[in-house]
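Going down the list, the protein sequences come from chains Y and Z. Mapping of the first sequence onto the working numbering: position 76 corresponds to residue 81, and the numbering continues sequentially without gaps. Mapping of the second sequence onto the working numbering: position 45 corresponds to residue 50, and the numbering continues sequentially without gaps. Glycine included, every Cβ here is placed at the ideal spot set by N, Cα and C. To start, the structure under review is shown below, and the notes come after it.
There are 2 protein chains.
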Amino acid sequence: MTPLSPGSRIGILGGGQLGRMLAGSAAQLGFDVSILCPEADCPAARVAMDHRVAAYTDLDAVLDWARGCDVVTYEFENVPVTTAAHLIDHEIIVRPGAAALEVSQDRVAEKTFLNQCGIDTARFAEINTAEEIAAPIERFGGAAILKTRRDGYDGKGQVRLAAGDDYAEALRALGNAPSILEAMVPFSCEVSVIIARSAEGESICYDLPRNDHTNGILRRSVVPSQLDAEVEARACEAARKLADALDYVGVLALEFFVLENGDLLANEFAPRVHNSGHWTPEACATGQFEQHIRAIAGWPLGPVTRYHKAEMLNLLGDEIFAHSGVSATDGVLTLYGKRHPKPGRKMGHLVRRLD
Amino acid sequence: MTPLSPGSRIGILGGGQLGRMLAGSAAQLGFDVSILCPEADCPAARVAMDHRVAAYTDLDAVLDWARGCDVVTYEFENVPVTTAAHLIDHEIIVRPGAAALEVSQDRVAEKTFLNQCGIDTARFAEINTAEEIAAPIERFGGAAILKTRRDGYDGKGQVRLAAGDDYAEALRALGNAPSILEAMVPFSCEVSVIIARSAEGESICYDLPRNDHTNGILRRSVVPSQLDAEVEARACEAARKLADALDYVGVLALEFFVLENGDLLANEFAPRVHNSGHWTPEACATGQFEQHIRAIAGWPLGPVTRYHKAEMLNLLGDEIFAHSGVSATDGVLTLYGKRHPKPGRKMGHLVRRLD
Chain Y
6 MTPLSPGSRI GILGGGQLGR MLAGSAAQLG FDVSILCPEA DCPAARVAMD
56 HRVAAYTDLD AVLDWARGCD VVTYEFENVP VTTAAHLIDH EIIVRPGAAA
106 LEVSQDRVAE KTFLNQCGID TARFAEINTA EEIAAPIERF GGAAILKTRR
156 DGYDGKGQVR LAAGDDYAEA LRALGNAPSI LEAMVPFSCE VSVIIARSAE
206 GESICYDLPR NDHTNGILRR SVVPSQLDAE VEARACEAAR KLADALDYVG
256 VLALEFFVLE NGDLLANEFA PRVHNSGHWT PEACATGQFE QHIRAIAGWP
306 LGPVTRYHKA EMLNLLGDEI FAHSGVSATD GVLTLYGKRH PKPGRKMGHL
356 VRRLD
Chain Z
6 MTPLSPGSRI GILGGGQLGR MLAGSAAQLG FDVSILCPEA DCPAARVAMD
56 HRVAAYTDLD AVLDWARGCD VVTYEFENVP VTTAAHLIDH EIIVRPGAAA
106 LEVSQDRVAE KTFLNQCGID TARFAEINTA EEIAAPIERF GGAAILKTRR
156 DGYDGKGQVR LAAGDDYAEA LRALGNAPSI LEAMVPFSCE VSVIIARSAE
206 GESICYDLPR NDHTNGILRR SVVPSQLDAE VEARACEAAR KLADALDYVG
256 VLALEFFVLE NGDLLANEFA PRVHNSGHWT PEACATGQFE QHIRAIAGWP
306 LGPVTRYHKA EMLNLLGDEI FAHSGVSATD GVLTLYGKRH PKPGRKMGHL
356 VRRLD
């Protein structure tokens, strides 16, 4: 594909805040944006040229929409693989492709793929029945986390287990869904690699943010991570292997647990721009949203030079009201246009310079 | 008016690149945007939630549209004063108000108003017939510029005159429109003040850019201006007087000629965000587009701290093609989504760090 000209149309599957910020960057580069999502009033559609309301599983509608786009991307990892594959079968350019969805949607497939790439993860076992839990939990030292293989996010769909707990009850709490048991990791901190890979196969990593979670939800990312450069380099090398193995085009985030001794265990990856990279537009020469658009448009990547230290604070639920309508002296505010500030819901974020 | 809550709707009269960039900043602050303009496919509408296609003179249509908005602003100075006044008569909040339009649309009214505010301008004379030209041109030293009082922009609608030229011919070239004769100003450079004034009457000025024009079109703005701080302070003080006199709410740009001796002559003002302020989103804590939205939403202004030296280069006509699809190492690119890159047409701009 030759680089897209200004005025080309970028299709985004998904209508949330990531799509909204991608649409903003696409517009800045002179592209038109069309959103496909099932909701009639979604944050991304309100800043896009065009909006098709359809289920992701409505293959005819999605294909019809995609035919009007010059390239199609997605803003969340739960787009059905069959939908992406259907578009690709009909010669729609989908970036990133279907493989990244297929692998990232299933925690067992994801960790298996990471290990095959030579990237360490926590030990894990596939769980289909309560009887399958006892053996691995002993092997993992008597404590583990049981997670659904699919559809978990922000700490949902998981439960901590100790040896001797009622495993059947735990599995019922997850709806008896196909699950994964993961060894507990005594990590000293969590970091993520935000990597961009171009259509030419060139890749580039942002400085790693250190990420703080509360109740499974990201609260704060800070750069620099204060890890040794050698540790950061290993994390980037792992992300590069993963992106290459997926023949990935676009921005991808790979999350790591960092152990006391500097060892890295990959937790999961997201085949998309990522919450822990929300500081990049303010702090770097090229933000992650522009970078993703550049990559999928077949443009060369932009420089990721970081100009200053930064922290990104997520604003959950009604926390946004403390930052709207008031002075901007506490950082750059981004609100997502969500209608209902439910508790714990990601409603916006704040980026602060720390220099 | 209490500060607008996220999710409120901002109406923008005008659909060009300034509206497009305002819409982007409004979305970042969580607002919905509706555009009213006469063109079905305009740059701003493609990034807005809603678009009403109507003539600015269609008072019923404009009022009906405005009633769906929580505040109405404009992105260009040629919105009919009668339209703004009609909205205000019907209790629509229009920011900035009608006065700034009325004054800035007529070069004679504008210079008269500036002078009344104690702001010096080039000497000028109102011209309605060719016979009225000879006396002032002698008084101005034998050379002057004849401009239409209304509707000129980017160097259009003006002609240079020397004593003894065919004045009738010159006036015919301007369509015999009501005109103004302005004394030539032997300036050493041109600068502009980008000032923001809040609904509370608080105002703040960005560092002054020095502006280079070619054929009447802005090509480059650079900060800092390298003027003495005292000269910059005088320019800001003048802009503050003007904004106060207009009871202005929003961002306004006041252009100055700087003479060798440091004297300042105001040229014109624009009651809107301004091309010479396009470096502010990249270089400052709060960009001019966000600042305008904050002001009209009744929010406090953001800090205008400039973090680094910068230059802004306008990309005219097909110059954009040298910067799209290529590396981002030459600065931050913004394209306007205009369909036809006519020669001389402002199609985008580039912001470069000079530190």
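Give me the Cα-Cα distance between methionine 54 of chain Y and alanine 71 of chain Z, rounded to the nearest whole angstrom. 21 Å
First through last residue of the beta strand (DSSP E) which encompasses arginine 344 of chain Z: Taken as a continuous stretch (DSSP letters only), arginine 344 of chain Z belongs to no beta strand (DSSP E), as it is neither H nor E.
Where phenylalanine 1 of chain Z falls: helix, strand or coil (DSSP): No answer is possible for residue 1 of chain Z: it lies beyond the span of chain Z, which begins at 6 and ends at 360.
When you compare each of Y:Glu131, Y:Gly221, Y:Leu166, Y:Asp217 to alanine 182 of chain Y by their alpha carbons, which one comes out closest? Y:Glu131
What residue ranges within the stretch 163-187 of chain Y form continuous alpha helix (DSSP H) runs of no fewer than 4 residues, ordered along the chain? 172-178
Pairing CB atoms from the stretch 105-124 of chain Y with CB atoms from the stretch 329-349 of chain Y, are three or more of them under 8 Å? no
Considering Cα atoms alone, identify which of Y:Lys246, Y:Glu235, Y:Val256, Y:Asn272 is closest to asparagine 266 of chain Y. The candidate whose alpha carbon is nearest that of asparagine 266 of chain Y is Y:Glu235.
Candidates Z:Glu137, Z:Ser197, Z:Thr78, Z:Pro43: which alpha carbon is nearest serine 281 of chain Z's? Z:Ser197
Would you verify that the beta carbon of glycine 322 of chain Y is, or is not, closer than 9 Å to some beta carbon of chain Z? no
Reference isoleucine 15 of chain Y, options Y:Pro43, Y:Ala49, Y:Ala45, closest by Cα: Y:Ala49
Helix, strand or coil for histidine 283 of chain Z, going by three-state DSSP, please let me know. Note: histidine 283 of chain Z maps to coil in three-state DSSP.
Buried versus exposed, by CB contacts within 10 Å (16 or more), aspartate 156 of chain Y: exposed
Can you name the residues that DSSP bridges to histidine 95 of chain Z? Bridge partners of histidine 95 of chain Z: none, in fact.
The stretch 303-319 of chain Y / the stretch 257-264 of chain Y touching (three or more Cβ pairs under 8 Å): no
Within 10 Å of its beta-carbon, does aspartate 75 of chain Y have 16 or more other beta-carbons around it, so buried, or fewer, so exposed? Around the beta carbon of aspartate 75 of chain Y, 16 or more other beta carbons lie within 10 angstroms, which makes this residue buried.
Return yes when the Cβ of glycine 322 of chain Y is within less than 9 Å of the Cβ of arginine 25 of chain Y, no when it is not. Cβ distance not < 9 Å, so arginine 25 of chain Y and glycine 322 of chain Y don't count as in contact.
Proximity test, Cβ basis, 9 Å: glutamate 295 of chain Y and chain Z: yes
Simplified DSSP state of cysteine 241 of chain Z, which is helix, strand or coil: helix
Kindly list, in the order they appear in chain Y, the residues whose Cβ is closer than 9 Å to that of valine 52 of chain Z. Chain-ordered, the chain Y residues with CB closer than 9 Å to the CB of valine 52 of chain Z read Ala28, Gly29, Ala32, Val38, Val52, Ala53, Met54.
Buried/exposed call for alanine 31 of chain Z, threshold 16 Cβ in 10 Å: It counts as buried.
Against chain Y, which members of the stretch 300-311 of chain Z pass a CB distance test of less than 9 Å? Answer in chain order: Ala302, Gly303, Trp304, Pro305, Leu306, Gly307, Pro308.
If contact is defined by three or more beta carbon pairs under 8 Å, each pair taking one atom from either stretch, is the stretch 217-228 of chain Y in contact with the stretch 279-297 of chain Y? yes
Check whether the stretch 199-217 of chain Z and the stretch 171-185 of chain Z are in contact - that is, three or more C-beta pairs closer than 8 Å. no
Check the DSSP bridge columns for aspartate 55 of chain Z and list the partner residues they point to. Z:Ser39
Per DSSP, cross-strand counterpart(s) of phenylalanine 255 of chain Z: According to the sequence provided, residue 255 of chain Z is glycine. The question's phenylalanine does not apply to it. Beta-bridge partners assigned by DSSP to glycine 255 of chain Z: Z:Arg202.
If you measure between the beta carbons of asparagine 133 of chain Z and isoleucine 222 of chain Z, is that distance less than 9 Å? No, these two residues do not count as a Cβ contact at 9 Å.
Between isoleucine 138 of chain Y and valine 254 of chain Y, what straight-line distance do the alpha-carbon atoms span, to the nearest angstrom? 38 Å
Report yes if the CB atom of tyrosine 79 of chain Z is closer than 9 Å to the CB atom of alanine 89 of chain Z, and no otherwise. Closer than 9 Å, so yes.
Nearest-angstrom Cβ-Cβ length linking valine 278 of chain Y and leucine 34 of chain Y, presumed shorter than 8 Å: That belief does not hold up - the Cβ atoms of valine 278 of chain Y and leucine 34 of chain Y are roughly 15 Å apart, past 8 Å.
For my contact list, leucine 41 of chain Z and arginine 57 of chain Z are in at a C-beta cut-off of 8 Å; report their separation, rounded to the angstrom. Yes, they are in contact, since the Cβ atoms of leucine 41 of chain Z and arginine 57 of chain Z sit about 5 Å apart, within 8 Å.
On the CB-based measure, 16 or more other CB atoms within 10 Å of its CB, does serine 193 of chain Z come out buried or exposed? exposed
Measure how close the beta-carbons of valine 77 of chain Y and isoleucine 98 of chain Y come, nearest whole angstrom, since I'm counting them as under 8 Å. 7 Å
Among Z:Gly146, Z:Arg154, Z:Ile124, Z:Thr153, which residue has its Cα nearest to the Cα of alanine 167 of chain Z? Z:Gly146
Rounded to whole angstroms, what's the CA-CA distance from arginine 299 of chain Z to valine 108 of chain Z? Just pull it up for me. 24 Å
Interface residues of chain Y facing tyrosine 172 of chain Z [CB-CB closer than 8 Å]: By Cβ distance, chain Y contributes nothing, its closest Cβ being about 45 Å from tyrosine 172 of chain Z, past 8 Å.
Against chain Y, with Cβ distances strictly below 9 Å, would alanine 201 of chain Z count as a contact? no
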